[in-house]
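Student:
2 protein chains.
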Amino acid sequence: MEGEETRRKKEKGGKGKQGTRDVSSKQMMIREKVLSVIVSCFERHNAVTIDTPVFELKVPFARYLAMNNITNIKRYHIGKVYRRDNPVMTRGRYREFCQCDFDIAGQYDPMIPDAECLRIVYEILRELDLGDFRIKVNDRRILDGMSAVCGVPDEKFRTICSTVDKLDKMPWEDVKSELINIKGLSEDVADQIGEYVSMQGGLDLAEKLLQDPKLSQNKQACAGLNDMKLLFVYLQCFKITDKVVFDLSLARGLDYYTGVIYEAVLCQTLQPEVPVAGDRAGVNAGSVGSVAGGGRYDGLVGQCDSKGKTVPCVGLSIGIERILCILEQKAKTSAEKIRTTKTQVLVASAQKNLLEQRLKLTNELWDAGIKAEVLYKKNPKLLTQLQHCEETGIPLVAILGEQEIQNGVVKLRNVATREEVDVSKDQVVEEIKRRIINL
Amino acid sequence: MEGEETRRKKEKGGKGKQGTRDVSSKQMMIREKVLSVIVSCFERHNAVTIDTPVFELKVPFARYLAMNNITNIKRYHIGKVYRRDNPVMTRGRYREFCQCDFDIAGQYDPMIPDAECLRIVYEILRELDLGDFRIKVNDRRILDGMSAVCGVPDEKFRTICSTVDKLDKMPWEDVKSELINIKGLSEDVADQIGEYVSMQGGLDLAEKLLQDPKLSQNKQACAGLNDMKLLFVYLQCFKITDKVVFDLSLARGLDYYTGVIYEAVLCQTLQPEVPVAGDRAGVNAGSVGSVAGGGRYDGLVGQCDSKGKTVPCVGLSIGIERILCILEQKAKTSAEKIRTTKTQVLVASAQKNLLEQRLKLTNELWDAGIKAEVLYKKNPKLLTQLQHCEETGIPLVAILGEQEIQNGVVKLRNVATREEVDVSKDQVVEEIKRRIINL
Chain A
1 MEGEETRRKK EKGGKGKQGT RDVSSKQMMI REKVLSVIVS CFERHNAVTI DTPVFELKVP
61 FARYLAMNNI TNIKRYHIGK VYRRDNPVMT RGRYREFCQC DFDIAGQYDP MIPDAECLRI
121 VYEILRELDL GDFRIKVNDR RILDGMSAVC GVPDEKFRTI CSTVDKLDKM PWEDVKSELI
181 NIKGLSEDVA DQIGEYVSMQ GGLDLAEKLL QDPKLSQNKQ ACAGLNDMKL LFVYLQCFKI
241 TDKVVFDLSL ARGLDYYTGV IYEAVLCQTL QPEVPVAGDR AGVNAGSVGS VAGGGRYDGL
301 VGQCDSKGKT VPCVGLSIGI ERILCILEQK AKTSAEKIRT TKTQVLVASA QKNLLEQRLK
361 LTNELWDAGI KAEVLYKKNP KLLTQLQHCE ETGIPLVAIL GEQEIQNGVV KLRNVATREE
421 VDVSKDQVVE EIKRRIINL
Chain B
1 MEGEETRRKK EKGGKGKQGT RDVSSKQMMI REKVLSVIVS CFERHNAVTI DTPVFELKVP
61 FARYLAMNNI TNIKRYHIGK VYRRDNPVMT RGRYREFCQC DFDIAGQYDP MIPDAECLRI
121 VYEILRELDL GDFRIKVNDR RILDGMSAVC GVPDEKFRTI CSTVDKLDKM PWEDVKSELI
181 NIKGLSEDVA DQIGEYVSMQ GGLDLAEKLL QDPKLSQNKQ ACAGLNDMKL LFVYLQCFKI
241 TDKVVFDLSL ARGLDYYTGV IYEAVLCQTL QPEVPVAGDR AGVNAGSVGS VAGGGRYDGL
301 VGQCDSKGKT VPCVGLSIGI ERILCILEQK AKTSAEKIRT TKTQVLVASA QKNLLEQRLK
361 LTNELWDAGI KAEVLYKKNP KLLTQLQHCE ETGIPLVAIL GEQEIQNGVV KLRNVATREE
421 VDVSKDQVVE EIKRRIINL
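Chains as they are written, first to last, in the UniProt record's numbering: chain A, 1 to 439; chain B, 1 to 439.
(1) Return no unless some Cβ of chain A is closer than 8 Å to the Cβ of THR341 of chain B.
(2) Beta carbons nearer than 9 Å to chain A: which residues of the stretch 222-238 of chain B have them?
(3) Just checking, does the stretch 164-174 of chain A make contact with the stretch 202-221 of chain A on the three C-beta pairs under 8 Å criterion?
(4) Give me the DSSP bridge partner(s) of GLY79 of chain B.
(5) If you measure between the beta carbons of ALA221 of chain A and LEU230 of chain A, is that distance less than 8 Å?
(6) Taking a Cβ distance cut-off of 9 Å, strictly less, list which residues of the stretch 397-421 of chain A are near chain B, in chain order.
(7) Alpha carbon to alpha carbon, what distance is there between TYR122 of chain A and ILE160 of chain A?
(8) Going along the stretch 382-398 of chain B in order, which residues come within less than 8 Å of chain A, judged by CB to CB distance?
(9) Can you tell me the Cα-Cα spacing of LEU316 of chain B and ALA206 of chain B, whole angstroms?
(10) For a cutoff of 8 Å on Cβ pairs, would you count GLY295 of chain A as touching chain B?
(11) Look at the alpha carbon of THR258 of chain A and the alpha carbon of LEU300 of chain A, and state the distance between them as a whole number of angstroms.
(12) Roughly how many whole angstroms lie between the Cα atoms of ARG434 of chain A and ILE370 of chain B?
(13) At a Cβ threshold of 8 Å, is LEU359 of chain B touching chain A?
(14) With distances taken Cα to Cα, identify the nearest neighbour of residue 440 of chain A among A:PHE246, A:ALA190, A:GLN217.
(15) Tell me, which residues are paired with ALA348 of chain A by DSSP?
(16) Going by CA-CA distance only, name the one from A:GLN27, A:ARG44, A:THR384 that's closest to TRP366 of chain B.
(17) Is the CB-CB distance between LEU361 of chain A and LEU400 of chain A below 8 Å?
(18) Going by C-alpha to C-alpha distance, which of B:TYR262, B:LYS411, B:PHE102, B:VAL314 sits closest to GLY293 of chain B?
(19) Could you name the residues of the stretch 193-207 of chain B whose beta carbon sits closer than 7 Å to any beta carbon of chain A, in the order they occur along the chain?
(20) Does the Cβ of LEU383 of chain B have 16 or more other Cβ atoms within 10 Å, making it buried, or fewer, making it exposed?
(21) In chain B, which residues lie less than 9 Å from GLY299 of chain A when you measure between Cβ atoms?
(22) On a Cα-Cα basis, can you pick out the residue from A:GLN403, A:GLY289, A:CYS41, A:ILE135 that is closest to LEU235 of chain A?
(23) Is any beta-carbon of chain A found at less than 8 Å from that of LYS425 of chain B?
(24) From B:SER249, B:LEU225, B:ILE124, pick the residue whose C-alpha is nearest to that of LYS176 of chain B; which is it?
(25) Does ARG435 of chain A come within less than 8 Å of chain B when only Cβ atoms are used?
(26) If distances are taken between C-alpha atoms only, which option among B:GLU402, B:LYS352, B:PRO312 comes closest to MET111 of chain B?
(27) For SER306 of chain A, I'd like the list of residues in its chain whose CB is within less than 8 Å of its CB, leaving aside the five on either flank, ordered along the chain.
(28) Using a C-beta to C-beta distance shorter than 7 Å, which residues of chain A count as neighbours of ASP109 of chain B?
(29) Closest to ALA372 of chain A by CA distance: which of A:LYS332, A:ILE432, A:ARG418, A:PHE102 is it?
(30) Please confirm whether CYS98 of chain B and ILE78 of chain B have their CB atoms less than 8 Å apart.
(31) Just the chain D side, please: which residues come within less than 7 Å of GLY369 of chain A by C-beta, in chain order?
(32) Should ASN438 of chain A be flagged as near chain B, meaning a C-beta pair shorter than 8 Å?
(33) Output the distance between the C-alpha atoms of ASP168 of chain B and VAL39 of chain B, rounded to the nearest integer angstrom.
(34) Between ILE180 of chain B and chain A, is any beta-carbon pair separated by less than 8 Å?
(35) Give the DSSP-derived three-state secondary structure of LYS371 of chain B in the structure shown.
Written out as structure tokens, the structure is:
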């Protein structure tokens, strides 16, 4: 929630002239656009939305499945989450975050839903136009296997992984020194790990590692590598292998992930102003450029179920805060206007005393499901109406004039090209529909 | 938020077989559908959405406008609101409500935005298919004027109105008795009020009252009646005069409404199981059958502004809880299935070993923005795939078969009619797009 002080600051920026928006509502438009891209994608992938209570911070989805005895579902959830602004503060002040989750629960053939999750991350990042990106993938079982064959003691697995995961922020030398001096590995073990975690590739790398004399002896690793091969076959079908990298240094969310894990990073990124407290795959947390993450968690539902019945799950989270931060900075430096509404047509008039005609045509457009608008003025000037379209990005104007009404036509004007064409009154709704689809 | 007990109850109902959903997620689907109808309508009417903090129960929108110095905006807000479950309880337990608000702020020509608000209520109730309904309208100034010419002392205006407003729940005799015995009016004054508040009509009634020997002497009443006439002219343009009734007994929200007021009521309705704590126009409160309400509040922003700068506003609220209650009961008694997803096409296969081809075609459909799905099975039976469409309401199937692949075609099947047609592989995405628009 927004404090009194923030509001006062905003007040300065906001001079609410007709057709303009203050800074805060421009930010809202960016947020709106981002959420609409994400929701459209989740719905294109046929997810339903389930409301899980906002104050329940711990694995609400898994709990929901267990409690309601659901064995298969594809759902998304866009919601406000409240986290402590600053954990050090004694007076609990919660900051509001927006979290976008997508999950597929159910017993299915291997790697098909997992591949779809990666495709979803790809579609969203492509459509948000955040610049080039990569989706790193790895598998919990490969990490387990690698760790075992390198001679890492079981009890050190987690802590070793959390050091390895810093490879996106620090050079190998520093990671190695931490592994030896802080985590207590021998130099030999650290070097063996170093060899593996420097590896990046795709299907080829999975195949190569299946031939690796050490790894190929580890059952867990082989299972992970075979699934990784299968994953890449499906990613080829989804045409996204140019953006996905099998990266053995990715080691996140190991508290609950059991299979494939992934993290999307932007190739060029801005440092976030405020680091956000951690969540799934550290999407909002410290990882440089990380904007999405997820993985397979087959054990979580069973932990929440009183009878321990398991439901395999794979899912992803999109880190909205960082994306907004980037898009807001982009919007500041860009001349391009952000549309604040989705209006498709303005119904305008060329002369006075045509308000009722404007309202009637607007009403017909609403009935046809078209986002139509009139200026709330009895006798607006045509120029004012056209300027309104240019300022707010409305692409089409339907102009009513006395001459046109006599001739039984409506003039359609393309705002960008300024082309005008007369369309018969009976045909105008259909013609506007047709044009909107093609715009 | 939902309690432990509610969850346990749900558990019984939910046997999550493949293709089925438990009760709770069916409820979610209804909620989803209702919200999507409402949001689509708000967006068709070109509103932006602004996030106002959820815990701020008092007029957050007016405050937002004042704080951010916004003079014109059309916005909607769908949000969770937390209200005390039971105000008598000492331990504050908040219940979660969903509130749908739409507001138009700005200095515009009279009654145009007001008419649009009524059109929005109409569009939403029509599309939600809740049965026949009426939208009652009145005007604060007409109530003020009526009260004055009948001889009600100023200080009794509010309390008299709140008794009058009970006319939808009790007969005039009881209302009259309350006016006299509890509110202290003389029988003569009560009878004069009784004459006015029994009046219902449209444009004709507004014209008739402008000729009324008493009311026509009151400036406030005349201003309200002239605006009512204008409103009905615009409502005629919007073709909704058959659903809108000018009703002098409507007297709600007088704490802040300054002009037109309205309330939508269902003609046949179920009593809500739990009455909901009051909000704008009592949408969720006790009024029989009330599902939406609103009005003009030109003074509220000024009260929140440090310099008292006013921004005229008109808005509406939709009472989700009651609508859900009705639709859920309808769903229970109806054989009609509720679709749980919006999937438009299932990509199916007629033989084994076609998973990759299925994934590739699905991917092309996603790229074209189509809501497409495959079963997450390597080799599903065709019958299983077709049954999945029938169970979940997917209207179209694209079937890949060996023969079809050899012939360079895809078979499109209409699930409802079972008609099948072969379409060239190159044309199939366009053909599916075309069919989806026409479905």
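Beta carbons are placed, not taken as given, at the ideal position from N, Cα and C, and that holds for glycine. As the structure is a prediction and not an experimental result, all values here were calculated from the model.
Tutor: Quick answer:
(1) For the purposes of this step, residue 341 of chain B is taken as the residue at position 341 of the second sequence. Output row for THR341 of chain B: interface = yes.
(2) VAL233, TYR234, GLN236, CYS237, PHE238
(3) no
(4) To locate residue 79 of chain B, count along the second sequence from 1; it is residue 79. Paired residues: B:GLN99.
(5) Position 221 of the first sequence, counting from 1, holds the residue named residue 221 of chain A. Position 230 of the first sequence, counting from 1, holds the residue named residue 230 of chain A. No, the pair does not count as a contact, with Cβ atoms beyond the cut-off.
(6) none
(7) Mapped onto the first sequence, residue 160 of chain A falls at position 160. Mapped onto the first sequence, residue 122 of chain A falls at position 122. Distance between the alpha carbons of ILE160 of chain A and TYR122 of chain A is about 29 Å.
(8) none
(9) Counting from 1 along the second sequence, the entry for residue 316 of chain B is found at position 316. Counting from 1 along the second sequence, the entry for residue 206 of chain B is found at position 206. In a straight line, the C-alpha of LEU316 of chain B is about 23 Å away from that of ALA206 of chain B.
(10) Numbered from its first residue, the first sequence carries residue 295 of chain A at position 295. Answer no: the Cβ-Cβ gap between GLY295 of chain A and chain B never drops below 8 Å.
(11) Counting from one through the first sequence, the residue named residue 258 of chain A turns up at place 258. Counting from one through the first sequence, the residue named residue 300 of chain A turns up at place 300. If you take the alpha carbons of THR258 of chain A and LEU300 of chain A, they lie about 9 Å apart.
(12) Counted from its first residue, the first sequence places residue 434 of chain A at position 434. Counted from its first residue, the second sequence places residue 370 of chain B at position 370. Their Cα atoms are separated by approximately 18 Å.
(13) Within the second sequence, residue 359 of chain B is the residue found at index 359, counting from 1. For LEU359 of chain B, the answer is yes, since a Cβ of chain A falls inside 8 Å of its Cβ.
(14) Residue 440 of chain A lies beyond the range of chain A shown here (1 to 439); nothing can be said about it.
(15) Your numbering for residue 348 of chain A matches position 348 in the first sequence. Its beta-bridge partners are A:ILE399.
(16) Sequence index remark: in the second sequence, residue 366 of chain B carries index 366 (1-based). For TRP366 of chain B, the nearest C-alpha among the options comes from A:ARG44.
(17) The residue you call residue 361 of chain A lines up with position 361 of the first sequence. The residue you call residue 400 of chain A lines up with position 400 of the first sequence. Yes, these two residues count as a Cβ contact at 8 Å.
(18) Working through the second sequence from its first residue, we reach residue 293 of chain B at position 293. Cα-wise, what sits closest to GLY293 of chain B is B:TYR262.
(19) none
(20) The residue you call residue 383 of chain B lines up with position 383 of the second sequence. The residue is exposed, with fewer than 16 neighbouring Cβ atoms inside 10 Å.
(21) In the first sequence, the residue the question calls residue 299 of chain A occupies position 299. Within 9 Å Cβ-Cβ: nothing; GLY299 of chain A doesn't reach chain B, min ~18 Å.
(22) Your numbering for residue 235 of chain A matches position 235 in the first sequence. Nearest of A:GLN403, A:GLY289, A:CYS41, A:ILE135 to LEU235 of chain A, Cα basis: A:ILE135.
(23) Numbered from 1 along the second sequence, position 425 holds the residue referred to as residue 425 of chain B. By this cut-off, LYS425 of chain B is not an interface position.
(24) Taking the second sequence and counting its residues from 1, one reaches residue 176 of chain B at position 176. Selected option, being the one with the closest Cα: B:SER249.
(25) Residue 435 of chain A sits at position 435 when you count from the first residue of the first sequence. ARG435 of chain A does not count as touching chain B.
(26) Here the question's residue 111 of chain B lines up with position 111 in the second sequence. The candidate whose alpha carbon is nearest that of MET111 of chain B is B:PRO312.
(27) Locating residue 306 of chain A in the first sequence gives position 306, counting from the first residue. If we look at SER306 of chain A and ignore the five residues flanking it on each side, its Cβ neighbours are ALA66.
(28) Counted from its first residue, the second sequence places residue 109 of chain B at position 109. Here the neighbours are TYR376, LYS377, LYS378.
(29) Position 372 of the first sequence holds residue 372 of chain A. Selected option, being the one with the closest Cα: A:ILE432.
(30) Residue mapping note: residue 98 of chain B aligns to position 98 of the second sequence, counting from 1. Residue mapping note: residue 78 of chain B aligns to position 78 of the second sequence, counting from 1. Yes, they are a contact pair.
(31) Absent from the structure: chain D. Protein chains present are A and B.
(32) As a position in the first sequence, residue 438 of chain A is number 438, starting the count at 1. No - not a single Cβ of chain B is within 8 Å of the one on ASN438 of chain A.
(33) Reading the second sequence from its first residue, position 168 is the one you call residue 168 of chain B. Reading the second sequence from its first residue, position 39 is the one you call residue 39 of chain B. For ASP168 of chain B and VAL39 of chain B, the distance between alpha carbons rounds to 30 Å.
(34) Locating residue 180 of chain B in the second sequence gives position 180, where the first residue counts as 1. Not an interface residue.
(35) For the purposes of this step, residue 371 of chain B is taken as the residue at position 371 of the second sequence. LYS371 of chain B falls in the coil class under three-state DSSP.
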